[in-house]
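Number of protein chains: 2
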Amino acid sequence: MTPTGREELIPALRAAGLRVTAPRVAVLAEMTDGEHMTADQLALAVRDRLGTISTQAVYDVLGALTKAGLLRRIEPAGSAARYETRVGDNHHHVVCRACGAITDVDCVVGEPPCLSPASASGFVIDEAEVTFWGLCPDCQTTSKPTEKERVR
Amino acid sequence: MTPTGREELIPALRAAGLRVTAPRVAVLAEMTDGEHMTADQLALAVRDRLGTISTQAVYDVLGALTKAGLLRRIEPAGSAARYETRVGDNHHHVVCRACGAITDVDCVVGEPPCLSPASASGFVIDEAEVTFWGLCPDCQTTSKPTEKERVR
DNA sequence: ATCGAGAATGGAATCGTTCTGAATTGGGTA
DNA sequence: TACCCAATTCAGAACGATTCCATTCTCGAT
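Chains A and B supply the protein sequences, listed in that same order. Each residue of the first sequence is one higher than the one before, starting from 1 at the first, in this note's numbering. Each residue of the second sequence is one higher than the one before, starting from 1001 at the first, in this note's numbering.
Okay, structure coming up:
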């Protein structure tokens, strides 16, 4: 949850050189409460609260906002792409193998890229993405194996 | 490239409690030279060299081998799932943003999970997956922006 | 108020993967 | 060695997420 108030959304869009439109404001507003949402969840949320939006518009908006640097896209294996408003800092994620819940984790090291591989095989590296896998507090206590148990 | 000779494939399958079938041996053989292949590439390679195999059989085999621990599945954002024979050790990957090439990177730290997040929010973590993003040697020299430039 | 570029819409298409059910086959057993 | 069953393969359909397309709409500069 970034401390971005509704009123700051419009200036934020303008500052990023983007035109201010209803879908964009709506998506951005939904994003500020409810992190790590998928395009689909976002579409439902926007429709529920603020009227109508086409699925494709959601993708367009997410694409534009991501390209503009207002949103960050993450794609944990086995899940649809998710988006978050925390950009610019170097944080990572913990993903629950059972329920798919995602939580932010502050960077263990410091400045990005937070790690340099011992040997990069000649690659020029600009980002180190770290994903921790495990069980969230809720799913730890669930004794019976979760129905839709993730394979990995 | 794991030092697994063709002759060791069959015992390896048996040891894993799997029945030895032509598709399994063929897939496993292809995997030993040609790392980080997708299901599709694998299907083509097997058909080219060893005859016929259905796409679904490739998925079945990959699933079985992965579950048995003979293969590891990796899913870099924006790419189809890829498989590798290096299992058990704790290594990571560098992915080229331009061409999608993947190279192994030895773990920076040591034993898995190689990193412990400062605060895991109550998660019990069993794996830390690290993916470095950048440009491979070939794509660094390519002055003109790659056609199918990856978005992220 | 006008106008053009950028954005939204709706529909179809694509890609990778999974599901289903029938046919085949490995390999333990009689 | 022949037999049999469960494991495996096959074929085709279904699926979810995402992208592509052409048309219509609208923001915001003039």
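All C-beta atoms, glycine included, are put in the ideal place defined by N, C-alpha and C.
If you draw a 10 Å sphere on the C-beta of residue 30 of chain A, you find 16 or more other C-beta atoms in it, and that means buried.
According to the DSSP secondary-structure assignment, residue 82 of chain A is paired through a beta bridge with A:38, A:74.
Residue 32 of chain A is not bridged by DSSP to any residue. Annotation for residue 101 of chain A: no beta strand (DSSP E) segment contains it, and DSSP assigns it neither H nor E.
Within chain B, the residues placing a beta-carbon under 7 Å from that of residue 134 of chain A are 1123, 1124, 1125, 1126, ordered along the chain. In this structure, DSSP gives residue 1089 of chain B a state outside helix and strand, which the three-state scheme calls coil. Residues of chain A whose Cβ lies closer than 7 Å to the Cβ of residue 1141 of chain B do not exist; the shortest such Cβ separation is about 11 Å. Residue 1010 of chain B has a beta carbon lying at 9 Å or more from every beta carbon in chain A.
Using a Cβ-Cβ cut-off of 9 Å, residue 1130 of chain B counts as an interface residue toward chain A, since at least one Cβ of chain A sits closer than that to its own. Residues of chain B with a Cβ closer than 9 Å to the Cβ of residue 120 of chain A are, in chain order, 1094, 1103, 1105, 1132, 1134.
Following the DSSP letters along the chain, one finds residue 61 of chain A inside the alpha helix (DSSP H) bounded by residues 55-67.
When C-alpha distances from residue 89 of chain A are compared across A:18, A:106, A:137, the shortest belongs to A:106. Taking 9 Å as the cut-off, the Cβ atoms of residue 132 of chain A and residue 87 of chain A do not count as close.
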